[in-house]
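Comments concern the structure below.
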Amino acid sequence: MRTHVVRVVLLVVLPAGLLGQALTSVSGNVIDPTGALLPKAAIQLENVDTGQSRETVSDVQGLYSFHQVVPGNYRITARAPGFVNVTISDVRLLVNSPATVNVTFSKVGAVTETVSVTTENIQVNTTDASIGNALSGGQISQLPFEARNVVGLLALQPGVTFIGDAVDRADSRNGAVNGGKADQANVTLDGVDVNDQQSRYAFTSVLRVTLDSVQEFRVTTLNASADVGRSSGAQIALVTKSGTNNIHGALYESLRNTATSANSFFNNSSGLPVQKLNRNVFGASVGGPFVKSRFFYFFNYEGRRDRSEQSAVRSVPSLNLRQGVLQYQRTDGSVATLSPQDVTTLVDPAGIGPNRAVMSLMQTYPAPNDNTVGDGLNIVGFRFKAPLRLRQNTYIAKFDYQLDSSGKHQVFWRGNLQNDNNAGGLPQFPGDPASSVTLANNKGYAAGYT
3 MRTHVVRVVL LVVLPAGLLG QALTSVSGNV IDPTGALLPK AAIQLENVDT
53 GQSRETVSDV QGLYSFHQVV PGNYRITARA PGFVNVTISD VRLLVNSPAT
103 VNVTFSKVGA VTETVSVTTE NIQVNTTDAS IGNALSGGQI SQLPFEARNV
153 VGLLALQPGV TFIGDAVDRA DSRNGAVNGG KADQANVTLD GVDVNDQQSR
203 YAFTSVLRVT LDSVQEFRVT TLNASADVGR SSGAQIALVT KSGTNNIHGA
253 LYESLRNTAT SANSFFNNSS GLPVQKLNRN VFGASVGGPF VKSRFFYFFN
303 YEGRRDRSEQ SAVRSVPSLN LRQGVLQYQR TDGSVATLSP QDVTTLVDPA
353 GIGPNRAVMS LMQTYPAPND NTVGDGLNIV GFRFKAPLRL RQNTYIAKFD
403 YQLDSSGKHQ VFWRGNLQND NNAGGLPQFP GDPASSVTLA NNKGYAAGYT
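Counting from 3, one number per residue, gives the positions in the sequence shown under the numbering used here.
As structure tokens, then:
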């Protein structure tokens with residue numbers, strides 16, 4: 003009998019509230035030409051992309067600091083009476099990665115002069131004891147990803163073990179970080195919890211994060227600080243891109259197919275060609291200002307269409323059984339055959355014989371072509387290529403607004419929406435509909451005030 007089961011899953015995630023987004027900080031010493039610490043120096047931190055800036059003054063010990071800073075590309079300018087101004091360019095502040103940038107006044111002179119300095123990318127964290135790596139949007143867009151899953155970067159970090167299991171070695175729920183349990187990783191998007199509490203996959207966000215929407219990816223594998231650490235596994239922080247003073251956009255498409263794929267042994271033995279796997283990912287993104295240096299937008303759409311096949315094997319009646327011929331194995335190992343007449347006279351005490359309705363039903367089954375299932379006598383196998391269909395749509399939007407010109411008050415809102423249809427259940431036989439269909443409409447938004 004053929005049966006069809008349709009399963010519909012609706013998963014809605016609303017991590018809402020007035021929450022702080024994923025931020026960072028920068029601090030350092032202010033030093034005069036003699037090497038002494040310099041107090042009361044004016045320090046300006048300016049976001050190169052958005053034009054937003056903040057100012058502070060070094061304290062009596064010559065120290066300055068900026069906290070609650072949005073990750074990005076910055077420029078630091080220092081001013082002090084009697085000294086030439088100092089400008090430090092290309093200061094890249096990464097999420098959850100406190101930076102130390104010391105400012106040194108190199109010479110005495112008029113304040114109208116400026117000395118420009120270019121910083122080197124800081125590879126080692128010397129501010130706190132956390133261990134991990136941060137990747138920028140440029141690196142993320144250039145690295146290869148299986149199914150374009152950004153969180154999969156965790157599997158490449160030191161201390162991370164991708165275990166798998168005997169049934170499905172691609173099951174990422176069996177990954178571990180420095181001995182922690184597989185489900186102990188903590189994933190946040192713009193400071194909001196996006197852990198997959200239902201499936202509890204190790205390296206997965208419940209909200210899909212596209213490559214073109216990620217500004218930064220930061221993973222802490224050990225010694226997480228108190229503001230992020232809440233579990234024994236890795237801490238994964240994702241930051242959504244924001245608009246800048248210049249309009250930027252992108253159109254992209256990637257295709258994976260089976261032009262160079264090898265066929266499996268069982269497909270070859272059954273005379274079946276290699277099953278196809280066509281994965282097409284396409285999308286567009288745009289970001290820019292509504293009001294320069296004050297109000298910004300970013301939008302991203304990404305679609306994914308999978309047209310693939312999977313080898314399926316089903317148990318079907320043998321050609322002899324369809325004619326009412328039964329076979330069984332004797333105790334000496336030989337095979338005995340009973341014709342329909344033998345069944346009527348020797349086996350059936352009522353003498354009714356084979357049921358005509360059942361015989362008619364068995365004729366509808368496809369002809370067997372596989373001997374890996376069944377008893378090889380009355381029940382044998384039928385192997386075929388089953389089509390699988392996957393359709394995913396992802397919509398992401400983010401708005402950033404600076405409430406005042408001094409940069410003391412900033413707000414943002416980010417929303418994610420998914421519309422997925424996965425007909426992933428193999429059909430019972432060719433031409434039948436998928437045995438199961440999964441629908442997912444994950445939603446999430448975050449709001450932050452700094």
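By construction, the Cβ of each residue, glycine as well, lies at the ideal position given by its N, Cα and C atoms.
query, result
"Distance check for Ile398 and Val288, CA to CA, integer angstroms please.", "11 Å"
"Given Asn282, which residues of its chain have a CB within under 6 Å of its CB, disregarding the five upstream and five downstream residues?", "Leu257, Arg307"
"With the cut-off set at 8 Å, would you say Val189 and Ile238 are in Cβ contact?", "yes"
"Is Arg210 closer than 8 Å to Thr396 when the C-beta atoms are compared?", "yes"
"Taking the alpha-carbon positions, what's the Arg175 to Val194 distance?", "With a pLDDT of 48 at Arg175, under the threshold of 50, the predicted position of this residue should be treated as unreliable, though the coordinate-derived value follows. Spanning the two alpha carbons is a distance of roughly 21 Å."
"Could you give the DSSP three-state label for Gly235: helix, strand or coil?", "coil"
"Looking only at C-alpha atoms, which of Asn373, Arg81, Val62 sits nearest to Ile45?", "Arg81"
"Using 8 Å as the threshold, is the segment 303-318 in touch with the segment 376-391, meaning 3 or more CB pairs across them?", "yes"
"Find out if the Cβ-Cβ distance for the pair Arg77, Val59 is shorter than 8 Å.", "no"
"Tell me where the beta strand (DSSP E) around Arg358 begins and ends.", "Taken as a continuous stretch (DSSP letters only), Arg358 belongs to no beta strand (DSSP E), being part of the alpha helix (DSSP H) at 358-364."
"Go through its chain and collect everything with a Cβ distance to Leu340's Cβ below 6 Å, but skip five positions before and after it.", "Leu328"
"On the premise that Gly235 lies in contact with Gln186, defined as a C-beta separation below 8 Å, what is that separation, rounded to the nearest angstrom?", "3 Å"
"Going by DSSP, what residues sit across from Val208 in a beta bridge?", "The partner list for Val208 (beta bridge, DSSP) is empty, contrary to what the question assumes."
"My guess is that Trp415 and Tyr451 are in contact by the Cβ rule of under 8 Å, so how many angstroms apart are they, rounded?", "Their Cβ separation, rounded to whole angstroms, is 10 Å, which puts Trp415 and Tyr451 out of contact at 8 Å."
"From Asp434 to Gln312, what does the alpha carbon distance come to, in whole angstroms?", "14 Å"
"What is the DSSP secondary structure of Leu39, reduced to helix, strand or coil?", "strand"
"Looking only at DSSP bridge pairs, what is Gln312 linked to?", "Ala388"
"Give a yes or no on contact between the segment 212-221 and the segment 261-279, applying the rule of three or more CB pairs nearer than 8 Å.", "no"
"So, at 8 Å on beta carbons, what are the nonlocal neighbours of Asn2 in its own chain, with the 5 sequence-adjacent residues on each side left out?", "Coverage of the chain is limited to positions 3 through 452, which leaves residue 2 absent and any answer about it impossible."
"So, is Lys294 buried or exposed, given that buried needs 16 or more other C-beta atoms within 10 angstroms?", "exposed"
"Do Tyr254 and Phe284 have their C-beta atoms within less than 8 Å of each other?", "yes"
"Could you compute how far the alpha carbon of Ala228 sits from the alpha carbon of Asn180?", "18 Å"
"Could you name the residues that DSSP lists as bridge partners for Ser46?", "Ser is not the amino acid found at residue 46; the sequence shown has Gln there. DSSP lists Glu57, Thr79 as partners of Gln46."
"Which whole-angstrom value describes the C-beta separation of Gly64 and Asn31, a residue pair presumed to lie in contact below a C-beta threshold of 8 Å?", "6 Å"
"How close, in whole Å, do the beta carbons of Ala136 and Val162 come, if the pair is a contact with beta carbons under 8 Å?", "In fact, because the Cβ distance is near 15 Å, the residues do not count as touching under 8 Å."
"Can you list, in chain order, the residues of its chain whose CB lies under 6 Å from that of Phe301, leaving out five sequence neighbours each side?", "Val288, Ala399"
"Quick one: using the 10 Å Cβ neighbour count with 16 as the cut-off for buried, is Pro83 buried or exposed?", "exposed"
"If we call anything under 8 Å between Cβ atoms a contact, is Gln420 one with Gln412?", "no"
"DSSP on Arg324, reduced to helix/strand/coil?", "helix"
"Can you list, in chain order, the residues of its chain whose CB lies under 7 Å from that of Lys42, leaving out five sequence neighbours each side?", "Val59, Ser60"
"By Cβ distance, which residues of its chain are closer than 8 Å to Ser233, with the 5 residues on each side in sequence left out?", "Gly182, Gln186, Ala187, Asn188"
"Take Asn259 and list the residues in its own chain whose beta-carbon comes closer than 6 Å to its own, dropping the five residues that flank it on each side.", "Asn280"
"Taking buried to mean at least 16 other C-beta atoms within 10 Å of its own C-beta, is Lys243 buried or exposed?", "buried"
"List the whole-angstrom C-beta distance separating Gly326 from Pro356, where the pair is believed to meet the contact cut-off of C-beta under 8 Å.", "4 Å"
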